[in-house]
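Chains as they are written, first to last, in the working numbering: chain A, 304 to 651; chain B, 39 to 382.
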């Protein structure tokens with residue numbers, strides 16, 4: 304009998320399991336589409352004219368700032384670390400760029416370079432403290448959060464910096480397709496960062512080493528991985544991403560004040576975790592983080608698009624993020640259960 | 039012998055009295071005011087800080103400055119430090135209305151008069167509160183663009199689509215500005231039914247990045263917005279970056295011009311009114327507010343009133359494209375603009 308019936312049952316079970324696994328693995332993406340459809344159906348305006356395309360472009364553009372730092376944060380989280388300094392790093396590196404543009408007459412690209420160097424140095428400082436001084440990442444980056452903002456405040460005397468018009472012109476560089484205009488700077492930067500991060504994490508030995516260090520640092524060291532170098536690299540990557548995100552955000556708003564990017568670290572962590580990255584290291588991927596960043600921004604966008612009452616907006620936003628995290632925890636539990644179920648190989 | 043001792047005693051008593059008088063006089067001359075503020079994020083706070091500190095020091099008063107870096111707990115600790123140093127009076131720019139209440143309570147419990155500059159406490163029954171009448175200043179600015187909107191509506195018959203960029207909803211200034219905006223819209227809609235469509239509210243949380251994202255969403259959904267009020271002038275560069283790609287950032291006289299008003303009266307608003315992009319701004323009379331704060335606090339100190347409780351209002355005014363030529367000198371932002379603040 305029974306072998307064939309057994310095989311049929313097993314194959315049906317496998318099919319169901321595969322579907323469940325597929326759904327669970329993509330819960331954030333499914334939630335993203337569901338929320339978009341729900342808001343879209345409640346607002347017929349979304350499907351008028353070019354609104355749908357324009358809205359998708361706007362969401363990607365607005366998510367790019369948080370998305371870039373979230374990608375950097377994903378590297379750090381994958382090693383089991385955390386970088387709380389990204390918001391302050393965005394501020395400090397933008398301050399440096401702003402002062403150079405206002406006081407030294409720097410053009411946009413040299414100012415961008417200066418910002419990237421500053422951000423990378425902040426990341427390198429974090430790396431040295433974590434790797435060489437063996438200080439806990441949480442404490443190191445918390446300290447850098449305060450110090451970087453303090454240095455920025457000192458350099459500006461707490462005053463705002465109004466960037467020259469050429470900075471806004473840089474942010475407004477666009478391409479036009481009929482009636483659709485796309486501001487390309489943030490979108491191109493976002494896609495380049497996603498592509499590079501995806502390739503590094505999935506196609507290179509360095510990426511595999513990042514996962515290995517996050518899974519078990521001792522085992523990774525025994526396998527011959529230079530864990531210190533990997534750990535240092537992720538903080539430098541995070542610093543670089545923070546500086547880039549800060550610069551392209553400033554190119555959109557033209558003005559920098561002391562509260563610029565305050566609390567952005569939490570948005571970045573939220574995006575990464577929503578995308579399935581574990582706070583304990585070893586689990587996660589860049590594409591999940593990107594979906595997480597897009598989900599957060601899309602919820603905010605659609606609430607405003609539908610002119611939802613300002614007092615209700617934060618509650619709806621929090622509820623949707625709560626649901627996403629809840630699904631994520633269900634996914635983790637179910638995936639663990641499924642893995643346990645198939646410890647023994649299926650009969651052939 | 040006894041007489042001799044008496045004489046010495048008398049001399050000592052006189053010397054002691056003289057010394058006491060000298061100490062008392064020098065204490066009055068060396069009055070100390072504690073000035074606790076949050077970061078000087080915008081031009082408004084920079085100018086306010088300068089007006090207060092320079093005027094007090096000009097009067098020979100020692101000013102102890104404390105920057106709390108937007109941390110209300112740190113400001114409370116700093117005020118406690120001032121109290122421990124025995125300052126004669128305290129001026130604060132609090133982080134929010136709640137923390138102001140706590141700090142005022144702390145100062146008054148120590149019998150030190152305290153004044154709050156521009157950002158009022160949620161309970162205004164305690165301390166000296168000097169605050170702009172946000173409702174009035176907003177109404178004056180929005181009234182100016184509403185009159186222009188009325189002319190447009192009468193000419194075209196198409197309802198005007200208003201939009202307000204709202205500040206942080208926990209900030210009483212933001213609430214007052216929102217109220218002033220809706221007062222004008224409702225007044226016109228009562229008098230001219232159908233003139234204004236349902237207003238669109240855009241949250242900014244006093245953060246340019248948030249304002250940018252939300253404004254883009256709102257303008258994409260409502261590309262026909264032609265009437266815009268921002269609760270703070272500091273958001274004009276952000277508004278520009280949303281309107282410009284859509285061909286709506288154009289000066290008065292262009293058919294695509296969005297009627298625009300703000301509030302604060304900063305240097306950027308001054309420049310934009312002069313250039314014709316912005317129609318009006320409600321001005322907080324900063325120098326008047328600084329003077330009110332200092333005069334009332336110094337009066338309380340002189341009178342020995344340790345717990346002065348009073349609310350002093352600055353009604354503000356509107357600088358508009360109509361009165362710019364003769365009234366721009368009264369706006370603090372225009373002074374900064376002409377000093378080259380935006381060229382730094």
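We treat Cβ as the ideally placed atom computed from N, Cα and C, and that holds for glycine.
Min CB distance residue i to chain A below 7 angstroms
{"i": "residue 59/B", "result": "Confidence at residue 59/B is low in this model, with a pLDDT of 46, below 50, so the placement of that residue should be treated as unreliable; the coordinate-derived value is given next. No, no contact with chain A."}
{"i": "residue 65/B", "result": "Unreliable placement is indicated for residue 65/B, whose pLDDT of 41 sits below 50; no coordinate value is reported for it."}
{"i": "residue 372/B", "result": "no"}
{"i": "residue 383/B", "result": "Outside the shown range of chain B, which is 39 to 382, sits residue 383/B, and nothing can be said about it."}
{"i": "residue 217/B", "result": "no"}
{"i": "residue 356/B", "result": "no"}
{"i": "residue 362/B", "result": "no"}
{"i": "residue 366/B", "result": "no"}
{"i": "residue 239/B", "result": "yes"}
{"i": "residue 210/B", "result": "no"}
{"i": "residue 251/B", "result": "yes"}
{"i": "residue 77/B", "result": "yes"}
{"i": "residue 62/B", "result": "Annotation note: pLDDT 41 at residue 62/B (below 50); position unreliable, no value reported."}
{"i": "residue 80/B", "result": "yes"}
Cutoff 7 angstroms: residue i Cβ touching any chain B Cβ
{"i": "residue 293/A", "result": "The question about residue 293/A has no answer here: the residues shown for chain A are numbered 304 through 651."}
{"i": "residue 279/A", "result": "Only positions 304 to 651 of chain A appear in the structure, and residue 279/A is not among them; the question remains open."}
{"i": "residue 396/A", "result": "no"}
{"i": "residue 388/A", "result": "no"}
{"i": "residue 473/A", "result": "no"}
{"i": "residue 514/A", "result": "no"}
{"i": "residue 461/A", "result": "yes"}
{"i": "residue 608/A", "result": "yes"}
{"i": "residue 468/A", "result": "no"}
{"i": "residue 604/A", "result": "yes"}
{"i": "residue 484/A", "result": "yes"}
{"i": "residue 650/A", "result": "Confidence at residue 650/A is low in this model, with a pLDDT of 48, below 50, so its placement is unreliable and no value can be given for it."}
{"i": "residue 324/A", "result": "no"}
Neighbour list for residue i in chain A, Cβ cutoff strictly below 9 angstroms
{"i": "residue 380/B", "result": "465"}
{"i": "residue 25/B", "result": "An answer regarding residue 25/B cannot be provided, because it is not within the stretch 39 to 382 covered by chain B."}
{"i": "residue 107/B", "result": "452, 453, 456, 461, 561"}
{"i": "residue 84/B", "result": "460, 461, 462, 463"}
Chain-ordered chain B contacts of residue i [CB-CB under 8 angstroms]
{"i": "residue 368/A", "result": "247"}
{"i": "residue 354/A", "result": "258, 259"}
{"i": "residue 392/A", "result": "Per Cβ cutoff of 8 angstroms: no residues; residue 392/A is ~15 angstroms from chain B at best."}
Proximal chain B residues relative to residue i, where beta-carbon distance stays under 7 angstroms
{"i": "residue 552/A", "result": "247"}
{"i": "residue 656/A", "result": "Here chain A covers residues 304 to 651 and nothing more, so residue 656/A does not appear."}
{"i": "residue 348/A", "result": "259"}
{"i": "residue 361/A", "result": "254, 255, 258"}
Interface partners of residue i on chain A, CB under 7 angstroms
{"i": "residue 102/B", "result": "Simply none; closest approach about 17 angstroms."}
Residue i Cβ short of 6 angstroms to the ligand FMN heavy atom set
{"i": "residue 116/B", "result": "The ligand FMN is not part of this structure, which contains no ligands at all."}
Residues that residue i contacts on chain A, provided the C-beta gap is smaller than 8 angstroms
{"i": "residue 207/B", "result": "613, 614"}
{"i": "residue 272/B", "result": "463, 558, 560"}
Is it the case that the segment 240 to 259 of chain B contacts the segment 275 to 288 of chain B, given that we only count it when at least three CB pairs across the two stretches are under 8 angstroms?
Yes, the segment 275 to 288 of chain B touches the segment 240 to 259 of chain B.
So, do the segment 168 to 179 of chain B and the segment 228 to 235 of chain B have three or more beta carbon pairs nearer to each other than 8 angstroms?
No: the two stretches stay apart, fewer than three of their Cβ pairs being nearer than 8 angstroms.
Check whether the segment 458 to 470 of chain A touches the segment 391 to 402 of chain A, counting contact only when three or more Cβ pairs, one atom from each stretch, lie closer than 8 angstroms.
Counting C-beta pairs closer than 8 angstroms gives three or more between the segment 458 to 470 of chain A and the segment 391 to 402 of chain A, which meets the contact rule.
Contact residues within the segment 309 to 320 of chain B, judged by C-beta distance below 9 angstroms to chain A:
Considering only beta carbons, no part of the segment 309 to 320 of chain B lies closer than 9 angstroms to chain A.
With 7 angstroms as the C-beta to C-beta threshold (strictly closer), list the residues of the segment 274 to 304 of chain B near chain A in chain order.
Listed by position along the chain: 275, 276, 279, 282, 283.
For a minimum of 4 consecutive residues, which ranges assigned as the alpha helix (DSSP H) are wholly contained in the segment 513 to 565 of chain A?
Listed in chain order, they are 520 to 525, 530 to 556.
Would you be able to state if there are at least three C-beta pairs under 8 angstroms between the segment 347 to 359 of chain B and the segment 205 to 212 of chain B?
The segment 205 to 212 of chain B, when compared against the segment 347 to 359 of chain B, does not touch it at the 8 angstroms Cβ threshold.
Any chance the segment 347 to 358 of chain A sits against the segment 249 to 262 of chain B, with 3 or more Cβ pairs inside 8 angstroms?
Under the 8 angstroms Cβ criterion, the segment 347 to 358 of chain A counts as touching the segment 249 to 262 of chain B, having at least three qualifying pairs.
Counting Cβ pairs closer than 8 angstroms, one from the segment 365 to 385 of chain A and one from the segment 627 to 634 of chain A, do we hit at least three?
Contact check between the segment 365 to 385 of chain A and the segment 627 to 634 of chain A: fewer than three CB pairs, one atom from each, fall below 8 angstroms, which does not count as touching.
Is the segment 606 to 616 of chain A touching the segment 535 to 548 of chain A in the sense that three or more CB pairs, one from each, lie closer than 8 angstroms?
The segment 535 to 548 of chain A is not in contact with the segment 606 to 616 of chain A.
Just checking, does the segment 480 to 495 of chain A make contact with the segment 425 to 444 of chain A on the three C-beta pairs under 8 angstroms criterion?
The segment 480 to 495 of chain A and the segment 425 to 444 of chain A do not touch, with fewer than 3 CB-CB distances between them shorter than 8 angstroms.
What are the complete alpha helix (DSSP H) segments, minimum 4 residues, inside the segment 286 to 322 of chain B?
For secondary structure counted as the alpha helix (DSSP H) over 4 or more consecutive residues, the segment 286 to 322 of chain B holds these complete runs in sequence order: 305 to 313.
Counting only runs of 4+ residues fully inside the segment 395 to 448 of chain A, write out the alpha helix (DSSP H) ranges in chain order.
For the segment 395 to 448 of chain A, whole alpha helix (DSSP H) runs of length 4 or above, ordered along the chain, are 411 to 434.
Three or more C-beta pairs under 8 angstroms: does that hold for the segment 284 to 293 of chain B against the segment 335 to 342 of chain B?
Fewer than three beta-carbon pairs drawn from the segment 284 to 293 of chain B and the segment 335 to 342 of chain B are found closer than 8 angstroms, and the two stretches are therefore not classed as touching.
Examine the Cβ distances between the segment 298 to 313 of chain B and the segment 574 to 594 of chain A and report whether three or more of them are shorter than 8 angstroms.
Short answer: they don't touch.
Considering only residues of the segment 144 to 179 of chain B, which uninterrupted beta strand (DSSP E) runs meet the minimum length of 3 residues and lie entirely inside it, listed in chain order?
The qualifying runs are 152 to 155, 166 to 170.
Segment contact flag, the segment 77 to 90 of chain B with the segment 315 to 332 of chain B, C-beta cutoff 8 angstroms, min 3 pairs
Counting Cβ pairs under 8 angstroms, three or more are found: they touch.
Check distances from the C-beta atoms of the segment 117 to 149 of chain B to those of chain A and list, in chain order, the residues that come in under 8 angstroms.
Flagged: no residues at all.
Of all the beta strand (DSSP E) runs that stay within the bounds of the segment 240 to 283 of chain B, which reach a length of 3 or more residues?
Taking only runs of at least 3 residues, the beta strand (DSSP E) segments lying wholly in the segment 240 to 283 of chain B are 265 to 268.
Kindly confirm or deny that the segment 366 to 377 of chain B and the segment 121 to 140 of chain B touch, where touching means at least three C-beta pairs closer than 8 angstroms.
The segment 366 to 377 of chain B is not in contact with the segment 121 to 140 of chain B.
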